[in-house]
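Chain order of the listed sequences is A and B. To convert, take the position in the first sequence, counting from 1, and add 284; that gives the numbering used here. To convert, take the position in the second sequence, counting from 1, and add 284; that gives the numbering used here. Beta carbons: idealized from backbone N, C-alpha and C, even for Gly.
There are 2 protein chains.
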Amino acid sequence: MSTRTAPGPRERLLKAAKHLTYSHGMGIGVDAVLKEANVARRSLYEHFGGKDGLLAEVLRLSTAEDEARYRRTMDAAGQDPRDRLLAVFDELARVIDTPDFRGCRYLAADLALTDPAHPGHAITRDYRDHVHQLLEHELVALGHPQPGLAAGQLLLLIDGILAAGATRPETHPAAAARELAEHILDTQARFTRR
Amino acid sequence: MSTRTAPGPRERLLKAAKHLTYSHGMGIGVDAVLKEANVARRSLYEHFGGKDGLLAEVLRLSTAEDEARYRRTMDAAGQDPRDRLLAVFDELARVIDTPDFRGCRYLAADLALTDPAHPGHAITRDYRDHVHQLLEHELVALGHPQPGLAAGQLLLLIDGILAAGATRPETHPAAAARELAEHILDTQARFTRR
DNA sequence: AACCATATAGACCGGTTGATCTACTCGTCA
DNA sequence: TGACGAGTAGATCAACCGGTCTATATGGTT
Numbered sequence: 285m286s287t288r289t290a291p292g293p294r295e296r297l298l299k300a301a302k303h304l305t306y307s308h309g310m311g312i313g314v315d316a317v318l319k320e321a322n323v324a325r326r327s328l329y330e331h332f333g334g335k336d337g338l339l340a341e342v343l344r345l346s347t348a349e350d351e352a353r354y355r356r357t358m359d360a361a362g363q364d365p366r367d368r369l370l371a372v373f374d375e376l377a378r379v380i381d382t383p384d385f386r387g388c389r390y391l392a393a394d395l396a397l398t399d400p401a402h403p404g405h406a407i408t409r410d411y412r413d414h415v416h417q418l419l420e421h422e423l424v425a426l427g428h429p430q431p432g433l434a435a436g437q438l439l440l441l442i443d444g445i446l447a448a449g450a451t452r453p454e455t456h457p458a459a460a461a462r463e464l465a466e467h468i469l470d471t472q473a474r475f476t477r478r
Numbered sequence: 285m286s287t288r289t290a291p292g293p294r295e296r297l298l299k300a301a302k303h304l305t306y307s308h309g310m311g312i313g314v315d316a317v318l319k320e321a322n323v324a325r326r327s328l329y330e331h332f333g334g335k336d337g338l339l340a341e342v343l344r345l346s347t348a349e350d351e352a353r354y355r356r357t358m359d360a361a362g363q364d365p366r367d368r369l370l371a372v373f374d375e376l377a378r379v380i381d382t383p384d385f386r387g388c389r390y391l392a393a394d395l396a397l398t399d400p401a402h403p404g405h406a407i408t409r410d411y412r413d414h415v416h417q418l419l420e421h422e423l424v425a426l427g428h429p430q431p432g433l434a435a436g437q438l439l440l441l442i443d444g445i446l447a448a449g450a451t452r453p454e455t456h457p458a459a460a461a462r463e464l465a466e467h468i469l470d471t472q473a474r475f476t477r478r
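Set out below in structure tokens:
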């Protein structure tokens, strides 16, 4: 257990790599990571086997964090599935307003990692599946007639927010998407009302 | 005028760079481009001043082509603004089903070009402005009460389609987005009916 | 005190990057 | 014919890439 003790080389490497890959892309050099982490070259290869291993671990760690963040956001919004789902879009509005927001880390990774066999792709795919399940679970609780399709639509809106947030943040894409999200959720109302 | 004559080094460079930057990212090496274009090293620096100049010209050329493609798609759909706008989403469904589709070239460029001062960013920004104008123009013709905001929403859907199409094409994001697009357009109906 | 795993510093490797340069070939036009 | 501009071929450059290596220092356990 390294909790509470000074962060070791492994933690420092992950933190530096997470930061640098987001701000400078997956093409960042190993030397730059080592320098920011203040870690010896050898330690990287001891802990992660190489650059790809480090990048994969960064993605694994980040997806776990972001998944937990989705859960936290929804839990903070109460029990009503509608509130819980819309809270996600309010949270995304905050995310893309972060001063150093640079778009979706996972889409950037998929676009940057040219080799389709790179282990990173499996990680980002699993992440999207998990988020989809999270959304679908709420839609089922909401009584939505097509929770799977609706979850896909919400995910599409999220992708759009993150893309537009990176390129045209001044258009407030999260607010625009929230309105469309409400329409998706209201499909349930149309069915239950009749 | 080089029309109809064998393509010169400049054209060959642009074609090779366009292809390779899309399939292998902006980080592709100059050597690989020169090899695919079958062009001498020196010619690249004569025509474009360097790698950045070549990349910028590729983006300029591509945006012009894609802009023309939007116009062509809408013109082929007739005069009704509603048909013209929805045709865009049908066309996007075809685009992301292309076997070698790899996501939006311009979003990938913005994410890959780390330096915010890179000339490529200005080009992608102008491109999005032009597409926004194109959409807004149709929305005005449709009598939409908030054509600017609605165009932003449609653009958000387009971003979402291209992102989801690159990462989860099996979910048919274009069809999912088309339904949401219809809702955006129908906002007009709600207003004109009263 | 002795030991050992872990970390550090940094030289070193072959290969590649973007860029510059010289020398040569080719086609066109005066 | 001869000169010239454009293109080609390829050597060369410093910088950097990911990865391996040796040697040394540190800190905890027995």
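Worksheet item: Counting contacts by CB-CB distance shorter than 8 angstroms, is A/Leu423 in contact with chain B?
Response: Taking 8 angstroms as the CB threshold, A/Leu423 stays off the interface with chain B.
Discussion item. Check whether chain A comes within 8 angstroms of B/Gln363, counting only Cβ atoms and requiring the distance to be less than that.
Written reply: Proximity of B/Gln363 to chain A, defined by a Cβ-Cβ separation below 8 angstroms, is not satisfied.
Worksheet item: How big is the Cα-Cα spacing for B/Ala371 and B/Glu466?
Response: Straight across, the Cα-Cα distance linking B/Ala371 with B/Glu466 is about 11 angstroms.
Practice prompt. Under 8 angstroms between beta-carbons, which chain B residues line up against A/Asp394? List them in chain order, please.
Written response: Near A/Asp394 (Cβ distances below 8 angstroms), the residues of chain B are Gly387, Ala450, Thr451.
Item to complete: Find out if the Cβ-Cβ distance for the pair A/Leu297, A/Val323 is shorter than 8 angstroms.
Response: For the 8 angstroms CB-CB criterion, A/Leu297 and A/Val323 form a contact.
Discussion item. Would B/Ala460 pass as an interface residue toward chain A - the criterion being a Cβ-Cβ separation below 8 angstroms?
Written reply: Chain A places a beta carbon closer than 8 angstroms to that of B/Ala460, counting this residue as a contact.
Worksheet entry | Alpha carbon of A/Met358 to alpha carbon of A/Leu369, nearest angstrom | The straight-line gap from Cα to Cα measures roughly 7 angstroms.
Worksheet item: Quick one: complete alpha helix (DSSP H) runs, 4+ long, within the stretch 391-415 of chain B?
Response: Taken in chain order, the stretch 391-415 of chain B contains no complete alpha helix (DSSP H) segment of 4 residues or longer.
Fill in: Close Cβ partners of B/His331 (< 6 angstroms) along its chain, the five nearest in sequence each way excluded
If we look at B/His331 and ignore the five residues flanking it on each side, its Cβ neighbours are Arg294.
Worksheet item: For B/Glu349, does the count of other Cβ atoms within 10 angstroms reach 16, so buried, or fall short, so exposed?
Response: Residue burial annotation: B/Glu349 is exposed, with fewer than 16 other C-beta atoms found within 10 angstroms of its C-beta.
Worksheet item: List, in order along the chain, the chain B residues whose C-beta lies closer than 7 angstroms to that of A/Thr479?
Response: Outside the displayed range of chain A (285 to 478) lies residue 479 of chain A, so it cannot be described from this structure.
Practice prompt. Please confirm if A/Leu370 has its CB atom under 8 angstroms from at least one CB of chain B.
Written response: Judged by the 8 angstroms Cβ criterion, A/Leu370 is not in contact with chain B.
Practice prompt. Check the Cβ of B/His308 against every Cβ in chain A and list those closer than 7 angstroms, keeping chain order.
Written response: Those are Thr398, listed as they occur along chain A.
Fill in: Per-residue burial, B/Thr382 [other beta carbons within 10 Å of its own, 16 or more giving buried]
Looking at its Cβ environment, which holds fewer than 16 other Cβ atoms inside 10 Å, B/Thr382 is exposed.
Item to complete: State the Cα-Cα distance for the pair B/Ala425 and B/Asp374, rounded to the nearest angstrom.
Response: In a straight line, the C-alpha of B/Ala425 is about 20 angstroms away from that of B/Asp374.
Discussion item. I'd like to know whether the C-beta atoms of A/Leu423 and A/Ala435 end up nearer to each other than 8 angstroms.
Written reply: Cβ distance < 8 angstroms, so A/Leu423 and A/Ala435 count as in contact.
Fill in: B/Gly309, buried or exposed, once every other Cβ within 10 Å from all chains shown has been counted against 16
In summary, B/Gly309 is buried, with 16 or more beta-carbon neighbours lying within 10 Å of its beta-carbon over all protein chains present.
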